[in-house]
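So the structure is just underneath, and the comments pick up after that.
Residue numbers (the working numbering): 7 to 227.
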């Protein structure tokens with residue numbers, strides 16, 4: 007089975023999130039911890055919302071937006087470790103329990119340069135070896151996922167974006183939910199299959215990205 011979810015950068019409001027829970031096809035939402043490249047508020051407006059959303063019933067895809075391909079002077083092992091520690095601190099602040107998967111957002115598709123891989127590897131290893139959380143990577147479906155997966159030596163979960171490319175159902179919410187492996191990555195636990203979709207539920211209209219995952223709570227948080 008698979009389950010539908012959505013993510014949106016800016017926290018809509020408590021009332022909007024409640025409206026998008028009751029009687030809708032969604033089981034989980036993206037939860038943005040922040041990070042050096044998070045552009046929707048500093049600190050992230052999501053940070054104090056976990057308890058409220060969990061009490062409504064939402065599961066979570068926990069996301070940390072680290073440095074990206076163009077940030078060449080920051081793509082080092084030391085920075086990857088520092089940003090992993092920041093992600094852990096933010097996850098603790100938000101109240102996520104031991105074992106929660108934190109996904110590092112990697113926006114560049116295609117093959118990554120070696121320095122970016124160094125940064126990503128250091129981030130993953132720091133989460134895995136020196137925290138009570140588990141590492142994940144949110145990245146492109148193309149060569150990127152395999153490249154990262156082949157460069158690491160720890161167990162890491164993958165969430166994949168493969169936007170509006172067949173067999174993506176586009177801005178629909180099909181039932182049953184599509185299998186994340188349809189993204190083209192057989193080990194994907196989550197698939198963001200459409201972006202910037204204008205949807206209305208219970209009178210509340212939002213522009214969101216649409217996801218499907220193998221569990222109700224992709225980050226186990």
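Even for Gly, the Cβ is constructed at its ideal location relative to N, Cα and C.
Could you give the residue range of the beta strand (DSSP E) that holds residue i?
i           : result
residue 140 : 140-146
residue 20  : It is not in any beta strand (DSSP E) - residue 20 instead sits in the alpha helix (DSSP H) that spans 20-25.
residue 74  : That residue, residue 74, is in no beta strand (DSSP E); it is neither H nor E in DSSP.
residue 197 : 196-207
residue 9   : 9-13
residue 37  : 32-40
residue 111 : 107-111
residue 211 : 210-219
residue 167 : 163-167
Please report the distance separating the alpha-carbon of residue i from that of residue j.
i           : j           : result
residue 272 : residue 168 : Residue numbering for the chain in the displayed model covers 7 to 227; residue 272 lies beyond these limits and cannot be assessed.
residue 30  : residue 208 : 8 angstroms
residue 197 : residue 218 : 5 angstroms
residue 128 : residue 146 : 19 angstroms
residue 108 : residue 10  : 19 angstroms
residue 136 : residue 130 : 10 angstroms
residue 82  : residue 120 : 10 angstroms
residue 51  : residue 17  : 6 angstroms
residue 153 : residue 117 : 7 angstroms
residue 171 : residue 102 : 33 angstroms
residue 159 : residue 123 : 13 angstroms
residue 99  : residue 87  : 18 angstroms
residue 204 : residue 216 : 10 angstroms
residue 115 : residue 186 : 18 angstroms
Residue i: which of the options sits nearest, CA to CA?
i           : options            : result
residue 178 : 135, 214, 56, 84   : 214
residue 13  : 174, 206, 201, 171 : 201
residue 56  : 72, 88, 106, 80    : 106
residue 175 : 162, 165, 189      : 189
residue 166 : 99, 118, 111       : 111
residue 54  : 155, 96, 225, 126  : 96
residue 142 : 133, 149, 20       : 133
residue 25  : 216, 225, 206      : 206
residue 148 : 157, 191, 139, 122 : 191
residue 70  : 45, 48, 41         : 41
residue 63  : 87, 75, 23         : 23
residue 104 : 93, 139, 90        : 139
residue 45  : 27, 74, 19, 61     : 74
residue 162 : 211, 180, 126      : 126
Which whole-angstrom value is the C-beta distance of residue i and residue j, which I expect to be below 8 angstroms?
i           : j           : result
residue 231 : residue 59  : Only positions 7 to 227 of the chain appear in the structure, and residue 231 is not among them; the question remains open.
residue 33  : residue 222 : 5 angstroms
residue 184 : residue 8   : 6 angstroms
residue 65  : residue 224 : 7 angstroms
residue 90  : residue 39  : Actually they are not in contact, since the Cβ atoms of residue 90 and residue 39 sit about 12 angstroms apart, beyond 8 angstroms.
CB of residue i to nearest heavy atom of the ligand GDP: below 7 angstroms?
i          : result
residue 92 : With respect to the ligand GDP, the structure offers nothing, as it holds no ligand at all.
For residue i, report the span of its alpha helix (DSSP H) as first-last.
i           : result
residue 94  : 83-100
residue 149 : 149-157
residue 121 : 120-136
residue 57  : 56-62
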